[in-house]
Amino acid sequence: MAKIRTCGFLSVVHSLVTVLLCVIIVTGLTDNSISKQLPCEYRDSVNISSGTRDAVGNIVHNGVVYTSQNFALINYDYVDYDVRVDVANYYRGCICQVTKCVRLCCPIGQWYLSDGESTGCVDKSEDFPAKILANVTTTNETKLVNIIERKIYGFVPQKPCPALMIEDIEEWALDDLFLFQISGLILSIPFLVATLLIYAWIPELRNIHGKSLICYIFALTNAYIVLLLMHFGSNIIACETQGYLLYFFVLVAFFWLNVMCFDIFWTFSSGVVIKNERKRFLYYSLYAWGCPLILASLVIIFENTELIQVHLRPGFGINSCWFYSKYSDKMVQFMYLYLPLLILIAANLYFFIVTAVKIIRVQKATDAALKNDSRRHNRFENDRYRFTLYLRLFIVMGVTWTFEIISWAMENSIWIFYVADVCNCLLGVMIFFLFVWKQKVRKLVAKR
1 MAKIRTCGFL SVVHSLVTVL LCVIIVTGLT DNSISKQLPC EYRDSVNISS GTRDAVGNIV
61 HNGVVYTSQN FALINYDYVD YDVRVDVANY YRGCICQVTK CVRLCCPIGQ WYLSDGESTG
121 CVDKSEDFPA KILANVTTTN ETKLVNIIER KIYGFVPQKP CPALMIEDIE EWALDDLFLF
181 QISGLILSIP FLVATLLIYA WIPELRNIHG KSLICYIFAL TNAYIVLLLM HFGSNIIACE
241 TQGYLLYFFV LVAFFWLNVM CFDIFWTFSS GVVIKNERKR FLYYSLYAWG CPLILASLVI
301 IFENTELIQV HLRPGFGINS CWFYSKYSDK MVQFMYLYLP LLILIAANLY FFIVTAVKII
361 RVQKATDAAL KNDSRRHNRF ENDRYRFTLY LRLFIVMGVT WTFEIISWAM ENSIWIFYVA
421 DVCNCLLGVM IFFLFVWKQK VRKLVAKR
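Numbering-wise, the working numbering puts 280 at position 280 of the sequence shown, and it's gapless, one number per residue.
Structure below.
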């Protein structure tokens with residue numbers, strides 16, 4: 001009987017030992033299959049445990065993608081960045097392998113405190129948006145930017161800095177070109193708004209031509225406002241969204257200019273007249289708002305999906321709020337922006353050449369007849385005057401964006417940048433004097 005009990009006891013012990021060994025082996029295998037040494041130095045890594053897994057096993061943390069070669073499951077940490085301690089397993093990613101590193105004294109969301117007695121990182125006590133300003137040098141310029149808004153950078157908190165230097169926040173050092181751009185935008189916007197309000201206020205100016213001009217100026221004003229926000233690094237609208245809005249409103253402005261050019265071309269070159277102005281304006285609106293909306297939607301889809309390769313995406317919000325591509329930024333920008341603009345500019349040029357030829361022929365052939373028909377003569381003169389007005393606008397905007405395209409193609413020519421910026425920044429002033437500061441409009445304003 002004792003022998004049977006002994007055998008039973010030994011059997012139980014054997015079973016327990018077997019189970020324990022299995023647990024140890026399985027645990028060891030699990031640790032070996034997941035845990036591994038960091039593929040980089042600890043100081044070049046960040047905790048990515050709060051990230052999410054994608055379909056192929058990568059970890060996405062704060063917009064940065066870590067493949068299996070760029071992260072590890074580790075069980076240690078450093079206290080005050082000096083003393084190693086054992087902790088529960090967590091994922092740590094080598095951020096400097098997958099993006100550009102910016103080393104900070106403290107994690108984002110904390111301030112560096114130095115009160116004379118102690119120093120260290122503390123949680124910020126004010127609801128104030130954090131900014132990390134740095135001089136970022138590109139091919140064209142060196143610019144002070146808030147790099148927190150740039151997706152291309154990753155942030156690595158290090159051991160707190162040994163000293164603290166307080167900079168006078170009232171002192172600014174901005175280059176002349178930047179100051180000129182800001183000044184020009186601030187100067188142009190009130191003139192654009194004034195033109196917009198006057199044409200919207202006076203009923204005599206709210207015909208189909210005035211409505212088209214209102215839409216054009218509305219788009220241009222919004223483009224200037226967004227551009228001003230981008231220059232100041234404003235957080236009112238997300239950087240990437242600012243890029244989308246600027247792209248959309250620039251296209252809208254060009255499409256409405258194209259509408260005005262086509263309208264004057266149609267007036268002189270076609271025998272077909274659409275008498276219903278409301279229906280005609282509806283067609284124009286569908287074209288001038290719809291096409292930019294489609295193009296902007298495609299840009300957003302391409303940017304945020306896997307439909308096209310990375311180097312063909314617009315890259316809004318990566319290196320700046322505007323276009324960026326690591327491999328072929330010039331061609332990408334040409335494909336999405338300058339190609340549509342060149343097509344519209346070429347179409348406008350065609351419309352004006354054909355219209356000018358038509359005006360010369362009509363004037364020579366029917367000058368005597370028109371004098372005997374004052375009504376037809378007045379209508380012809382009004383149409384010709386409108387043609388001259390739109391021609392001036394096209395020249396102003398066409399020349400402006402021609403220099404813009406040249407400056408994009410010849411990025412090392414500083415004087416072209418200045419010429420393009422002068423034209424762009426003063427466009428609102430020119431439009432005001434073209435369409436408001438003329439005798440007819442001033443008389444209408446005076447009557448009001």
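Just so you know, even glycine gets a beta-carbon here, dropped at the ideal spot from N, CA and C.
### Query
Residues bridged to I74 by DSSP?
Stepping through the sequence shown from its first residue, residue 74 is reached at position 74. Per DSSP, the beta bridge partners of I74 are Y90.
### Message
Strictly by DSSP, which residues pair up with Y66?
### Response
For the purposes of this step, residue 66 is identified with residue 66 of the sequence shown, where counting begins at 1. According to DSSP, which records beta bridges pairwise, Y66 is partnered with I59.
### Message
How far does the alpha helix (DSSP H) with Y283 in it extend, from its first residue to its last?
### Response
In the sequence shown, counting from the first residue as 1, residue 283 sits at position 283. Here the alpha helix (DSSP H) through Y283 covers 277–304.
### Message
Report the CB separation of Y199 from L213 in whole angstroms; it is logged as a contact under 8 Å.
### Response
On the sequence shown, position 199 is the one that residue 199 refers to. On the sequence shown, position 213 is the one that residue 213 refers to. 6 Å between Cβ atoms; contact.
### Nearest-angstrom beta carbon gap, C321 and C239 [assumed within contact, 8 Å]
Translated into the one-based positions of the sequence shown, residue 239 becomes position 239. Translated into the one-based positions of the sequence shown, residue 321 becomes position 321. C239 to C321, Cβ: 4 Å. Contact.
#### Entry: C451 in three-state terms, based on DSSP
Since the displayed the chain opens at 1 and closes at 448, residue 451 lies outside it and no answer follows.
### Message
Buried or exposed for H311, going by 16 or more other Cβ atoms inside 10 Å?
### Response
For this step, residue 311 is matched to residue 311 along the sequence shown. The residue is exposed, with fewer than 16 neighbouring Cβ atoms inside 10 Å.
### Query
Helix, strand or coil for C96 per DSSP?
The residue given as residue 96 occupies position 96 in the sequence shown. If DSSP states are grouped into helix, strand and coil, C96 belongs with the helices.
### Query
In three-state terms, what does DSSP make of C321?
Taking the sequence shown and counting its residues from 1, one reaches residue 321 at position 321. Three-state result, C321: coil.
### Message
Checking the sheet assignment: what are the DSSP bridge partners for T52?
### Response
For this step, residue 52 is matched to residue 52 along the sequence shown. Answer is V60.
### Local conformation of N207 per DSSP, three classes
The residue you call residue 207 lines up with position 207 of the sequence shown. Of the three classes helix, strand and coil, the one that applies to N207 here is coil, per DSSP.
#### Entry: Beta carbon of I95 nearer than 8 Å to that of V65
Numbered from 1 along the sequence shown, position 95 holds the residue referred to as residue 95. Numbered from 1 along the sequence shown, position 65 holds the residue referred to as residue 65. Contact: no.
### Task
Leaving out five residues on either side along the sequence, give the residues of the same chain with a beta carbon under 8 Å from the beta carbon of L444.
Numbered from 1 along the sequence shown, position 444 holds the residue referred to as residue 444. Closer than 8 Å at Cβ, skipping near neighbours: I202, E204, L205.
### Query
Are the beta-carbon atoms of L228 and L185 separated by less than 8 Å?
Within the sequence shown, numbered from 1, the residue matching residue 228 stands at position 228. Within the sequence shown, numbered from 1, the residue matching residue 185 stands at position 185. It is a contact, given that the beta carbons lie within the stated cut-off.
### Message
With DSSP as the reference, identify every bridge partner of N47, one or two as the case may be.
### Response
The sequence position of residue 47 within the sequence shown is 47, counting from 1. The partner list for N47 (beta bridge, DSSP) reads R92.
### Query
What are the partner residues of V478, as DSSP defines its beta bridges?
With the chain covering 1 to 448 only, the question about residue 478 has no answer from this structure.
### Query
Within 10 angstroms of its Cβ, does N207 collect 16 or more other Cβ (buried), or is it exposed?
Stepping through the sequence shown from its first residue, residue 207 is reached at position 207. Around the beta carbon of N207, a 10 Å sphere encloses fewer than 16 other beta carbons of the protein chains shown; the residue is thus reported as exposed.
### Task
Would you kindly work out how many angstroms separate the C-alpha atoms of G51 and G57, rounded to a whole number?
If you number the sequence shown from 1, residue 51 lands on position 51. If you number the sequence shown from 1, residue 57 lands on position 57. So the alpha carbons of these two residues sit roughly 12 Å apart.
#### Entry: Of the listed residues N276, F268, Y247, E277, nearest to P340 (C-alpha basis)
For the purposes of this step, residue 340 is identified with residue 340 of the sequence shown, where counting begins at 1. Residue Y247 is the option with its Cα nearest to P340.
### Message
Against chain D, does T267 count as a neighbour if the rule is that its beta carbon must be under 8 Å from one of theirs?
### Response
Absence of chain D from the displayed structure is noted, only one protein chain being present.
### Message
Applying the 10 Å Cβ sphere with the 16-neighbour rule, what's the burial state of E277?
### Response
Locating residue 277 in the sequence shown gives position 277, where the first residue counts as 1. When all chains shown are included, E277 counts as exposed.
#### Entry: Straight-line Cα distance separating V250 from G93
In the sequence shown, the residue the question calls residue 93 occupies position 93. In the sequence shown, the residue the question calls residue 250 occupies position 250. If I take the Cα positions, the gap works out to 40 Å.
### Message
Distance check for L427 and F435, CA to CA, integer angstroms please.
### Response
Position 435 of the sequence shown, counted from the first residue, corresponds to residue 435. Position 427 of the sequence shown, counted from the first residue, corresponds to residue 427. Using only the alpha carbons, I get a separation of about 12 Å.
### Query
Which word fits V60, buried or exposed, when buried means at least 16 other C-beta atoms lie within 10 angstroms of its C-beta?
Looking up residue 60 in the sequence shown gives position 60. When all chains shown are included, V60 counts as exposed.
#### Entry: Same chain, Cβ closer than 6 Å to V252, five either side skipped, listed in chain order
Within the sequence shown, residue 252 is the residue found at index 252, counting from 1. Within the same chain, V252 has close Cβ partners A219, P292.
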